[in-house]
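Under the numbering used here, the first residue of the sequence shown is numbered 395, with each subsequent residue one higher. To start, the structure itself, in structure tokens.
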Amino acid sequence: SNALLKVTNLKKSFSIPNGMFGKKKSLKAVHDVSFIIPEGKTFSLVGESGCGKSTTGRLISRLIQPSEGEIWIDGEEISQKKEAHLKAIRKKVQMIFQDPYASLNPRMKVRDIVGEPLVIHTNLTKAERNKQVSEMLEVVGLSEYHADRYAHEFSGGQRQRIGIARALIMKPKLIIADEPVSALDVSIQSQILNLLKDLQREFHLTYLFISHDLSVVEHISDHIGVMYLGTIVETGPKEVIFSNPQHPYTKALLSSIPIPDPRLRRERIILQGDLPSPVNPPTGCRFHTRCPVATDICKVTEPPVKPGVTPDHFVACHLVDY
Ligand code: SF4
Ligand code: MG
């Protein structure tokens, strides 16, 4: 099927203050990220906080502007477009955030929160907007009864449903969901993930899903990209990433997921040390300071992206060879 999103060699550096005298240094938050999401599919970016996955999401939605690289959405390249030319894209791409309460105005009624994009992007009358809001509330499992209440009157799961209704009201094609269930209890998490899956089928949505937690993305993903310090170190179909991971970092992330069945349990790999600073990333393979199987070449030479175990599986590691 067609690629709804294609990201090529995306890079983003932030200039940040460096001590006194107004000197600046460069923080490389995203360092050469490329991936494709076919229409109607879900691609998940997974990695520790600070690895650049949220920045990648914000670049694609053009909340911030890339330093380099291309972003193709629905056949249109938008990486360097000016705000005035981003109107069409702003309708096609919507975001869902971790803490919906922070992004929902507590003094606004649910009806106005969900209907606000219609005010910004359309000339619909109030009655027409209200009708669409009521329909959208039903779609996400709320009802007309909730429309005249305030966001703070709702539970975390209900607030995320309000956030989803607001994201869907413009009938977007691409949803970027940044840690959408991380603030929720496990039982509520699965309700929201199931809702997102149902909505994807019903509205033919394409998802970029961002999470620090591989177990959260397991059931929603078609493809997964594992990020470390601004780069994708391994990407492939969900089944390959879970059953046959090749990158030492992916193996370590997977080994920390609790698995009830003792026969399937993996040996726990504990990573030494903290995530290095993206201001001064390690030379060679950026993972070499924590990699349990690093060799001398890893310290000096950046590993190339190599083919993995299936045609759409890729690994950036010197040790991998197929
Ligand atoms: Fe570890 Fe070297 Fe592979 Fe990097 S390239 S993941 S340091 S083995
Ligand atoms: Mg984040």
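Quick reminder that beta carbons are idealized off the backbone N, C-alpha and C, glycines included.
Range covered by the beta strand (DSSP E) that runs through residue i
i, result
"Q488", "V487 to I490"
"M783", "Coverage of the chain is limited to positions 395 through 716, which leaves residue 783 absent and any answer about it impossible."
"I458", "Counting along the chain, I458 falls outside any beta strand (DSSP E), and DSSP gives it neither H nor E."
"V709", "F708 to A710"
"P701", "V699 to P701"
Top-ranked residue by Cα proximity to residue i, from the options
i, options, result
"A571", "D668, E538 and D493", "D493"
"I483", "L587, L568 and I430", "L568"
"I563", "Q585, L599, P574 and G551", "L599"
"K700", "N674, V714 and T689", "V714"
"G619", "R660, I664, V440 and V634", "V440"
"H641", "E433, S420, P574 and F681", "F681"
"E661", "P670, I651 and K693", "I651"
"Y544", "M414, K475, A397 and P500", "P500"
"S455", "E442, G416, D616 and S473", "S473"
"S428", "G509, L399 and K422", "L399"
"R555", "L512, A521, D426 and V508", "V508"
"K486", "D426, A496, S443 and W466", "W466"
"L648", "G667, V610 and S671", "V610"
"G469", "S497, V401, S438 and Y643", "V401"
"V687", "D592, N674 and Y643", "Y643"
"K422", "I663, I430 and C445", "C445"
"H617", "L590, A559, S438 and G413", "S438"
In DSSP terms, what residue i is bridged to
i, result
"H598", "The partner list for H598 (beta bridge, DSSP) is empty, contrary to what the question assumes."
"A397", "P432"
"T625", "Y622"
"Y544", "K503"
"T402", "E464"
"L421", "F408"
"F437", "L602 and H617"
"D572", "I604"
"V427", "L404"
Own chain residues within Cβ distance below 7 Å of residue i, not counting five before or after
i, result
"N638", "V703"
"S537", "L531"
"P411", "K418"
"H613", "L587"
"K693", "T677, G678 and H682"
"E442", "H606 and L669"
"L480", "R456 and I472"
"S528", "E538 and A541"
"E696", "G678 and C679"
"I691", "H712"
Beta-carbon proximity list for residue i, same chain, < 6 Å, skipping 5 on both sides
i, result
"L665", "A646 and R684"
"Q488", "A561, P566 and I569"
"D506", "none"
"F636", "none"
"L498", "I507 and A545"
N- and C-terminal bounds of the alpha helix (DSSP H) containing residue i
i, result
"M367", "Nothing can be reported for residue 367: it is not among the residues displayed for the chain, which extend from 395 to 716."
"F636", "K632 to S637"
"G469", "Neither: G469 is in no alpha helix (DSSP H) and is coded neither H nor E."
"V611", "L608 to V611"
"L648", "P642 to S649"
"K693", "D690 to V694"
"T516", "That residue, T516, is in no alpha helix (DSSP H); it is neither H nor E in DSSP."
"S448", "K447 to I454"
Residues of its chain near residue i, where Cβ-Cβ distance is below 8 Å and the 5 sequence neighbours each way are ignored
i, result
"G434", "S395, L398, Q594, H598, L599 and T600"
"V513", "R523"
"T689", "H712 and L713"
"P675", "K422, H425, L623 and G624"
"L578", "G550, G551, Q554 and I586"
- Task: Evaluate the contact criterion for the stretch 405-417 versus the stretch 461-468: three or more CB pairs, one atom per stretch, below 8 Å.
- Result: yes
- Message: Tell me whether the stretch 708-715 and the stretch 626-646 touch, counting them as touching only if at least three CB pairs, one residue from each stretch, are closer than 8 Å.
- Response: yes
- Is it true that the stretch 445-459 meets the stretch 608-625, where meeting means three or more beta-carbon pairs spaced less than 8 Å apart? yes
- Message: Using 8 Å as the cut-off, can you tell me whether the stretch 579-590 makes contact with the stretch 546-553, which would need three or more C-beta pairs spanning the two stretches below that distance?
- Response: yes
- At a cut of 8 Å, does the stretch 589-609 reach the stretch 508-517 through at least three beta carbon pairs? no
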